[in-house]
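Okay, so here's the structure we're looking at.
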Amino acid sequence: MTVPARRLGALKLEVRESLIARMVELPVQQFIHTQGVSSAFLLVAAVIALIWANSPWSASYYHIWHIELKVSKLILPLHAWINDAMMALFFFLVGMEVKQEIVNGELADIRRAALPVFAGAGGMVVPALIFVILNYGTAGAHGWGIPMATDIAFSLGVLTMVKGVPAELKVFLLSLAIADDIGAIVVIALFYTTTLHFRQLVIAAVLLALILLCRRIGIDRQIIYAVLGFAFWLAVLRSGLHATIAGVILGMLVPVRSRVSPDTFVTVCNETLEEFRKALASGDTALANRQLGAMEYLIENTESPADRLTRKLHDWIAFLVLPLFALSNAGVTFSQSTWRSLLHSPVSWGVLLGLLIGKPIGIVCASWIAVRLKAARLPNRVSWGQIAGVGAIAGIGFTVSLFIGALAFDDPATLDAAKTAVLCASLLAGVFGYLLLKRTTATMGTRDS
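In terms of the working numbering, the sequence shown opens at residue 1019 and continues consecutively.
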């Protein structure tokens, strides 16, 4: 991950004039966009949560998330503001990424999309089946969605640590994770929804229609969409659907194509620049400013709304929203009962085996079936051993697994068992996946040489 190209271009000019931009802003931007830094922030937040929850101040850890905050007439505990409101922004970003992949990315071509879609499906179905088999007929069976998830940030972070990994494998993992996200969104919407309130659903539908109408007639004022989007989120929250579904829907509505194509930009900008030169030569300041305004419009609209919003939101979500989520959800007080629960609870074993064994088996088997049926083909320079390695690191469930766990269980003991299993499985999956990928990639390198 690098500094967004537009921001980097602006900074390259800013550093000529500003000492602060040269000495502070550019190095900071380069640091925070280094691959793995955002994952490190997430990991540090989870570690702090665990230390805090097991310190002499553990009571304050559990107390702080239940402090109620009021925004207008809406009163929610801090934990709910993070899980329902701030995580809606994360899922808004996911919605835009999913649409980008479907329209412009790997999922746009059915032939290329087939393998990650098959792999993603296998990586969801097999872990869920393992969990259900171990928890059938118990209260814990409701947590079957927990081992289905893959944490994109951590998985890609582990993959980039392995030297010599082909770019095709990174694309495969990213596409698989996007397919996995789509599945997780559907599962949350269909199976982790409480009682529905019809009136609020109607209000949400009307607001959604208004947003679509605004898009249709060409309104591009962000404040209008922000107000309508907040109202839509609130209606979804009150309807009984999980509020993060609102984020996904809104993200999927953001246009992923720019209004001005590169060719149009070059043609019109050259004409406008010529008019600007003439205006300067004649001393017509008003005309010169009009041409500058036209160029501002052209420049702004060569970037799609989805790219612009992703660029503006990504750092806030990576370095504030997700670490806060980890801080508020990863804390588990370790005691003898916690470890006993981890060893004896079918929920814990369902999560552990689902993520550690179900994920790689599901991904490899589904991929093999797709290739054998000639519905898909293995990417160039990618071996079956590397597919198995990706399957292993896909067992890093972390963020979305913790999220689904919080939706699935109200009982603190069961939730703690699930969270402990998610944390242990994610750590083991990362280590095992890294070692497997390192070995298989080195083997391929030896063969090629």
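Heads up, the beta-carbon is just placed ideally off N, CA and C, and yes, glycines get one too.
| said: Please report the straight-line C-alpha distance between C1287 and L1316, rounded to a whole angstrom. | reply: 7 Å
| request: Starting from K1088, follow the beta strand (DSSP E) in both directions and report where the run begins and ends. | output: E1086 to V1089
| query | What is the rounded straight-line gap between the Cα of S1385 and the Cα of A1460? | reply | 22 Å
| query | Among G1448, P1134 and F1352, which residue has its Cα nearest to the Cα of I1414? | reply | G1448
| query | Considering only residues of the region 1227–1279, which uninterrupted beta strand (DSSP E) runs meet the minimum length of 3 residues and lie entirely inside it, listed in chain order? | reply | none
| Is the distance from the Cβ of F1110 to the Cβ of V1339 below 8 Å? | no
| query | Hey, how far is the Cα of S1036 from the Cα of A1028? | reply | 12 Å
| said: Pull the bridge partners of P1095 from the DSSP assignment, please. | reply: E1086
| query | Residue range of the alpha helix (DSSP H) that W1386 falls in? | reply | K1377 to R1390
| field | Environment of N1307 [buried if 16+ CB atoms lie within 10 Å] | value | exposed
| query | Where do the N-terminal and C-terminal ends of the alpha helix (DSSP H) with D1333 fall, by residue? | reply | P1323 to W1334
| Checking contacts by CB at 8 Å: is I1422 closer than that to chain B? | Here chain B cannot be found, since the structure has a single protein chain.
| To the nearest angstrom, how far is it from the Cα of A1498 to the Cα of A1424? | It is not possible to answer for residue 1498, since the shown part of the chain is limited to 1019 through 1467.
| A1103, enclosing alpha helix (DSSP H) - first and last residue | Run containing A1103: none; DSSP gives neither H nor E here.
| said: Less than 8 Å between the beta carbons of V1135 and A1058, yes or no? | reply: no
| field | R1129: CB within 7 Å of a non-hydrogen atom of the ligand ATP | value | For the structure depicted, the ligand ATP is absent and the ligand set is empty, with no information on it obtainable.
| field | Buried versus exposed call for D1428 [16 or more other C-beta atoms within 10 Å across all chains shown] | value | exposed
| Looking only at its own chain, which residues have a Cβ that is under 6 Å from the Cβ of I1221, when we skip the five neighbours before and after it? | A1253
| said: Output needed for A1439: all residues of its chain with C-beta closer than 6 Å, excluding positions within five of it in sequence on either side, in chain order. | reply: S1366, V1369 and L1370
| query | With a Cβ-Cβ cutoff of 8 Å, do L1225 and A1249 count as a contact? | reply | yes
| query | Does the count of Cβ pairs from the region 1174–1193 and the region 1386–1400 closer than 8 Å reach three? | reply | yes
| What span of residues does the alpha helix (DSSP H) with T1320 cover, start to end? | Counting along the chain, T1320 falls outside any alpha helix (DSSP H), and DSSP gives it neither H nor E.
| Should the region 1318–1325 be called in touch with the region 1272–1284, which here means at least 3 C-beta pairs below 8 Å? | yes
| query | By Cβ distance below 6 Å, which residues in the same chain neighbour A1336 in space, the five residues on each side in sequence not counted? | reply | S1056
| field | Whether A1106 touches A1348 by CB criterion (8 Å) | value | no
| request: Tell me whether W1251 is buried or exposed, calling it buried when 16 or more other Cβ atoms sit within 10 Å of its Cβ. | output: buried
| request: Report the rounded CA-to-CA distance for N1153 versus P1364, giving the unit in angstroms. | output: 6 Å
| request: Figure out for me which residue from S1173, F1216, I1069 and L1246 has the closest Cα to the Cα of A1227. | output: L1246
| said: Using CA atoms only, rank isn't needed, just tell me which of G1113, I1082 and V1112 is closest to A1098. | reply: I1082
| request: Quick one: grab the DSSP three-state call for S1073. | output: coil
| query | Taking the alpha helix (DSSP H) that S1193 falls in, what are its first and last residues? | reply | A1185 to F1209
| request: State buried or exposed for K1088, treating a residue as buried only when at least 16 other CB atoms are found within 10 Å of its CB. | output: exposed
| Burial state of L1133, where buried means 16 or more other Cβ atoms lie within 10 Å | buried
| My guess is that T1432 and G1158 are in contact by the Cβ rule of under 8 Å, so how many angstroms apart are they, rounded? | 6 Å
| request: Please state whether DSSP places T1212 in a helix, a strand or coil. | output: coil
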